[in-house]
Amino acid sequence: MIIVHGVFPIRAEARSKALALMEEMSSLSRKEPGCLTYEFYAALSSDTEFLLFQEWESIDALQDHFDTPHMETFLSELPDVLNGEIVTRRYEVRSRERGAQARRESASTSDRAKNTERTVPKIIH
Numbered sequence: 006m007i008i009v010h011g012v013f014p015i016r017a018e019a020r021s022k023a024l025a026l027m028e029e030m031s032s033l034s035r036k037e038p039g040c041l042t043y044e045f046y047a048a049l050s051s052d053t054e055f056l057l058f059q060e061w062e063s064i065d066a067l068q069d070h071f072d073t074p075h076m077e078t079f080l081s082e083l084p085d086v087l088n089g090e091i092v093t094r095r096y097e098v099r100s101r102e103r104g105a106q107a108r109r110e111s112a113s114t115s116d117r118a119k120n121t122e123r124t125v126p127k128i129i130h
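Residue 42 in my numbering is what sits at position 37 of the sequence shown, and the numbering runs on without skipping anything.
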């Protein structure tokens with residue numbers, strides 16, 4: 006799995022246009038083969054900063070994403086709304102657990118092997 010995280014600084018006067026661009030990009034990207042998640046989020050600390058979170062099944066799916074017409078449109082219109090540099094990071098996930106249950110099961114198995122008792126803290130998401 007590939008995860009992409011980005012920060013988009015937006016000009017205040019272009020916020021409405023930026024939101025429309027992000028909504029269109031998210032909607033079309035989520036329909037692509039291999040796209041697991043594609044969401045923009047407004048930052049709590051700023052009205053003009055948005056976070057992008059993407060999950061892709063593979064690097065090939067992400068590469069194909071860059072060749073889509075909606076990506077071309079998004080990139081051509083983005084300079085009209087940006088107020089600075091976009092910062093992105095890409096991560097390759099090599100293994101994963103699914104939430105609190107996996108952590109509890111892992112802890113439970115480990116505890117039985119050691120023949121000890123352990124209280125698993127409540128996990129709040």
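We put the CB at the ideal spot given by N, CA and C, even for glycine.
Which of helix, strand or coil DSSP assigns to residue i
| i | result |
| --- | --- |
| residue 16 | coil |
| residue 82 | helix |
| residue 44 | strand |
| residue 87 | strand |
| residue 22 | helix |
| residue 49 | coil |
| residue 77 | helix |
| residue 69 | helix |
| residue 100 | coil |
Paired residues, beta bridge with residue i - DSSP
| i | result |
| --- | --- |
| residue 10 | 58, 94 |
Integer-rounded CB distance, given that residue j should sit under 8 Å from residue i
| i | j | result |
| --- | --- | --- |
| residue 92 | residue 12 | 5 Å |
| residue 27 | residue 55 | 7 Å |
| residue 14 | residue 73 | About 24 Å; that fails the 8 Å criterion. |
| residue 103 | residue 9 | So it is not a contact: roughly 21 Å between Cβ atoms. |
Beta-carbon spacing of residue i, residue j below 9 Å
| i | j | result |
| --- | --- | --- |
| residue 67 | residue 7 | yes |
| residue 60 | residue 42 | yes |
| residue 31 | residue 45 | yes |
Three or more C-beta pairs below 8 Å linking the region 35–45 and the region 82–95: The region 35–45 is not in contact with the region 82–95.
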